[in-house]
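Chains as they are written, first to last, in the numbering used here: chain P, 228 to 422; chain F, 99 to 295.
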């Protein structure tokens, strides 16, 4: 695919937001977005992990799986790479930056099961990005996810004093807010189309 | 609990999507066409039922410390099977589903059922539980895709239902409608069946 990495970065944030148009990373998005601060923490952690795992997975796919002709094993290999990276990162942060560990570290186990991380790696393979494009796409997707969860957390913190119909409380109203955000993001779609 | 009760509980009473809000990533993404939803649902039923069975069979020999990673690898193996089968026999649909087949692995429903049920119960019960949860999930996918395809394209399973007078609602094809419909479904179910909760 011929698209500049710069354009791809913006597209991943606005026009094809990983959460609002591809629905990835919904589980932790709905459960963590109760508070702005923890949303910010998780969002930063997701962005960080996304950039590195996308890069690693690209290298592994291109220089290990393709030459050996075992592309069909990509699911298992990607999952292992992600899990191993997150585990390693957790150990390193705990050892060298204990302060950071208390703010970010608690979110790291959640990230292994965040489908946005795995999904970005799969999109990267399907759309045939090169290394730089993959990094830009990973970074953009992470920031896009961060943006979405921050917006939801901000709105939800205001919702606490509002009357929400009983059946909609919790996930229901969050989904409706997300739907409205997705509608608003369609307004960006002329900027940088990908796909 | 009899097997029938296990089935009904995991399929409807404790339905993963509307009761536990799990696995909605893929339930939203593939629901613009009913056929895609059905194929996706069958894939999930297959992967979930067989990995439940496998996890349950080896539950006494799996050390607790590597339980999660073992479960993930078992799921991944079955999902790869689904992926290869789809690519071989339905290349068109496989292309449309794109990464969402692979994303069955990170679908929280699978991990949830394996962790909550299959790792503690005998194999046959786990198989039934897996099939039940899968069918409950497919049911939700079909409900949402029914509305989206009918209003978005005027067709069901690709067969034209609404005549030429019908103007397609492009919103139903796009992402926001999936969020709204799922919220609506959760709302209806919550206010009808779980009054006390």
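All C-beta atoms in this analysis are idealised placements derived from N, C-alpha and C, irrespective of residue type, glycine included.
Local conformation of residue i per DSSP, three classes
i, result
"residue 282(F)", "helix"
"residue 257(F)", "strand"
"residue 117(F)", "coil"
"residue 392(P)", "coil"
"residue 189(F)", "helix"
"residue 163(F)", "helix"
"residue 372(P)", "helix"
"residue 106(F)", "helix"
"residue 181(F)", "helix"
"residue 436(P)", "Past the edges of chain P, shown from 228 to 422, lies residue 436(P), and the structure says nothing about it."
"residue 284(P)", "helix"
"residue 264(P)", "helix"
"residue 230(P)", "coil"
"residue 227(F)", "helix"
"residue 218(F)", "coil"
"residue 302(P)", "helix"
Short Cβ contact (7 Å threshold) for residue i with residue j
i, j, result
"residue 399(P)", "residue 207(F)", "no"
"residue 365(P)", "residue 277(P)", "yes"
"residue 143(F)", "residue 232(F)", "yes"
"residue 362(P)", "residue 282(P)", "yes"
"residue 280(P)", "residue 312(P)", "yes"
"residue 266(F)", "residue 250(F)", "yes"
"residue 288(P)", "residue 352(P)", "yes"
"residue 360(P)", "residue 232(P)", "yes"
"residue 116(F)", "residue 287(F)", "yes"
"residue 248(P)", "residue 186(F)", "no"
"residue 132(F)", "residue 254(F)", "yes"
"residue 270(P)", "residue 373(P)", "yes"
"residue 192(F)", "residue 184(F)", "yes"
"residue 251(P)", "residue 343(P)", "yes"
"residue 221(F)", "residue 151(F)", "yes"
"residue 368(P)", "residue 238(P)", "no"
Own chain partners of residue i with C-beta closer than 8 Å, once the 5 adjacent residues on each side are dropped
i, result
"residue 260(P)", "266, 376, 379, 380, 383, 401"
"residue 104(F)", "223, 226, 227, 230"
"residue 203(F)", "170, 173, 174, 177"
"residue 292(P)", "298, 300, 301, 304"
7 Å Cβ shell around residue i - same chain, five flanking residues per side excluded
i, result
"residue 129(F)", "135, 239, 242, 243, 246, 276"
"residue 244(P)", "371, 375, 412"
"residue 73(F)", "Lying outside 99 to 295, the shown extent of chain F, residue 73(F) is not represented and no answer is given."
"residue 404(P)", "379, 382"
"residue 328(P)", "320, 321"
"residue 148(F)", "176"
Contacts around residue i, its chain only, beta-carbon distance under 6 Å, and the 5 residues preceding and following it disregarded
i, result
"residue 337(P)", "255"
*Members of the segment 301-317 of chain P that neighbour chain F once the beta carbon cut-off is set at 7 Å*: 302, 303, 306, 310
*With 7 Å as the C-beta to C-beta threshold (strictly closer), list the residues of the segment 235-250 of chain P near chain F in chain order.*
247, 248, 249, 250
_Contacting positions in the segment 145-156 of chain F - beta carbon closer than 9 Å to chain P_ = none
*Below 9 Å between beta carbons is the criterion; list the residues of the segment 251-272 of chain P that meet it against any residue of chain F, in chain order.*
251, 252, 253, 254, 257, 258
_By the 7 Å beta-carbon criterion, what residues does the segment 399-418 of chain P contribute toward chain F?_
399, 402, 403, 405, 406, 409, 410, 413
*Residues of the segment 199-228 of chain F with a CB closer than 7 Å to any CB of chain P: list them in chain order, please.*
200, 201, 203, 204, 206, 209
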